[in-house]
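The structure appears right after this line, and notes come after that.
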Amino acid sequence: MHYLATTILSLSVVFSTVTRPAYSQVSAKEDSLLKAKKHFSFAVQYKKSESYELARKNYLESIAYNDTVYQVHYSYGDLLIKMNRPHEARHEFARSLDLNPEHYNSASMLARLCYEAADYDSALAAFELMYRLKPDDHQALRNIASLREHLGMKRKALEAYTALAESGKADTDILERASGIAAELGEWKTSLQFTTLMLEDSPDDTELLRRGAQACLELGDPKEALVHAEELASLGETDIVILERIEQLALRIGDTETRINALTLHNAADRRNTGITAELAENLLVRGKQELAAEYIAKGLEIKPDDGRLRILMGNYYHKRGENDKAIAEYEAALKDERWKDDAQQFIWQIRPPASEDEKAEREFFERGREAQDPE
Numbered sequence: 122m123h124y125l126a127t128t129i130l131s132l133s134v135v136f137s138t139v140t141r142p143a144y145s146q147v148s149a150k151e152d153s154l155l156k157a158k159k160h161f162s163f164a165v166q167y168k169k170s171e172s173y174e175l176a177r178k179n180y181l182e183s184i185a186y187n188d189t190v191y192q193v194h195y196s197y198g199d200l201l202i203k204m205n206r207p208h209e210a211r212h213e214f215a216r217s218l219d220l221n222p223e224h225y226n227s228a229s230m231l232a233r234l235c236y237e238a239a240d241y242d243s244a245l246a247a248f249e250l251m252y253r254l255k256p257d258d259h260q261a262l263r264n265i266a267s268l269r270e271h272l273g274m275k276r277k278a279l280e281a282y283t284a285l286a287e288s289g290k291a292d293t294d295i296l297e298r299a300s301g302i303a304a305e306l307g308e309w310k311t312s313l314q315f316t317t318l319m320l321e322d323s324p325d326d327t328e329l330l331r332r333g334a335q336a337c338l339e340l341g342d343p344k345e346a347l348v349h350a351e352e353l354a355s356l357g358e359t360d361i362v363i364l365e366r367i368e369q370l371a372l373r374i375g376d377t378e379t380r381i382n383a384l385t386l387h388n389a390a391d392r393r394n395t396g397i398t399a400e401l402a403e404n405l406l407v408r409g410k411q412e413l414a415a416e417y418i419a420k421g422l423e424i425k426p427d428d429g430r431l432r433i434l435m436g437n438y439y440h441k442r443g444e445n446d447k448a449i450a451e452y453e454a455a456l457k458d459e460r461w462k463d464d465a466q467q468f469i470w471q472i473r474p475p476a477s478e479d480e481k482a483e484r485e486f487f488e489r490g491r492e493a494q495d496p497e
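Okay, so the sequence shown: first residue is 122 according to the numbering used here, each after it adds one.
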């Protein structure tokens with residue numbers, strides 16, 4: 122019995138020395154949690170009664186006992202906003218997010234405070250977190266797009282604007298910004314898509330029509346660009362620069378019909394430009410529209426009777442009709458225009474070959490010169 126009693130006593134001493142510190146630690150932790158909870162409860166009550174200093178003191182006491190509850194930091198941040206201490210509030214909302222990265226309200230408050238403090242990088246990060254947590258938060262997405270644009274992140278901004286448009290939550294301002302950024306980035310197809318959406322609501326917006334025409338030209342589509350140019354003309358806003366680009370592109374890709382239509386608009390807007398009149402008439406003659414071409418030539422000659430190119434074109438018109446005397450008369454009139462004198466003489470010789478030796482030699486001279494310029 123003496124041995125058994127001695128053993129039990131010895132074990133009791135051992136357990137007491139081993140378990141007492143562990144028990145003390147658990148007890149101390151539980152005590153801290155209870156005190157933290159108590160001060161948090163006091164803090165909330167003081168905040169509700171607008172006793173802000175007492176509330177702040179109790180929040181600090183609660184956090185001193187336990188710094189791991191995100192709700193406490195969020196609630197304390199709310200108090201600091203009421204006390205007009207935004208910098209400290211930012212710290213509390215950031216700490217709340219550290220403890221719970223999925224707490225949307227903390228991200229929302231942090232985003233707002235960072236934005237108001239012009240800390241746009243941090244604000245952007247907070248808005249992006251909000252959007253990840255709530256993909257249907259279109260206001261957060263709008264803020265993301267705007268901040269990315271402000272920070273020079275054009276391509277990322279365009280991604281956000283595009284997502285807004287696809288969600289059906291983009292207003293005219295968003296579409297306008299998206300279209301402009303897409304144009305800056307050379308994303309002409311995207312720019313045209315946004316411009317087309319805006320034109321559905323504002324079909325008479327001349328700036329949008331110009332932007333649409335430009336996008337079509339950049340995409341190599343003069344025919345569609347002409348649609349926008351025609352709308353501009355119908356609104357009394359003919360854009361000569363756009364028409365010239367359409368004419369050049371149509372010529373380059375061999376779209377004669379679009380070129381003729383663009384030249385027709387150009388001629389209507391600038392009737393005294395006989396160069397455009399001649400270009401239009403020449404294209405009409407090539408397409409076999411002889412009578413229409415002659416009408417334009419006649420109108421051009423009323424404005425500038427000594428235009429050699431128009432005289433030659435009128436001569437070609439008469440020649441195709443078999444009226445060679447009239448054709449020669451037009452060619453001879455063109456001889457007075459130094460720019461077109463040589464061409465006019467060649468057309469005369471095609472109808473009426475040279476009679477004298479001097480004329481023959483002159484014709485041979487011109488023909489050799491032409492062959493040298495065009496070996497084919």
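Every residue gets a Cβ at the ideal spot worked out from N, C-alpha and C, and that includes glycine.
State buried or exposed for R380, treating a residue as buried only when at least 16 other CB atoms are found within 10 Å of its CB. buried
Neighbour flag for K159 against chain D, beta carbons, 8 angstroms: Looking for chain D here will not work: only one protein chain is present.
Please state whether DSSP places K158 in a helix, a strand or coil. helix
To the nearest angstrom, report how far apart V190 and A210 are at their CA atoms. 16 angstroms
Among H208, A448, L370 and S153, which one has its Cα closest to the Cα of I472? A448
Quick check on the DSSP output: what are the complete alpha helix (DSSP H) runs of length 4 or more inside the region 414 to 485, in order along the chain? 429 to 441, 445 to 455 and 462 to 472
Please specify which runs of the alpha helix (DSSP H), each continuous and at least 4 residues long, are wholly inside the region 373 to 400, giving them in chain order. 377 to 390
Contact defined as beta carbons within less than 8 angstroms: I believe H349 pairs with L364. What is the distance between those atoms, to the nearest angstrom? Wrong, their Cβ atoms sit about 11 angstroms apart, outside the cutoff.
Whose C-beta lies closer than 7 angstroms to the C-beta of D376 among residues of the same chain, with five residues either side of it excluded? P343 and K344
Cβ-Cβ distance between S582 and S227 below 8 angstroms: Because residue 582 is not part of the residues shown, which for the chain are 122 to 497, the question remains open.
Measure the CB-CB distance between R298 and A281 and report whether it falls below 8 angstroms. no
Please look up how many angstroms separate the CB atoms of E358 and T327, rounded, as I've assumed it's under 8 angstroms. 5 angstroms
What number of angstroms, rounded off, separates the C-alpha of L456 from the C-alpha of L306? Taking the straight line from one Cα to the other gives about 52 angstroms.
Can you tell me the Cα-Cα spacing of A215 and L353, whole angstroms? Cα to Cα, A215 sits roughly 53 angstroms from L353.
Would the beta-carbon of L340 fall within 8 angstroms of that of L313? yes
For S170, three-class secondary structure by DSSP: coil
8 angstroms Cβ cutoff met for G443 and F468: The answer is no: Cβ separation not under 8 angstroms.
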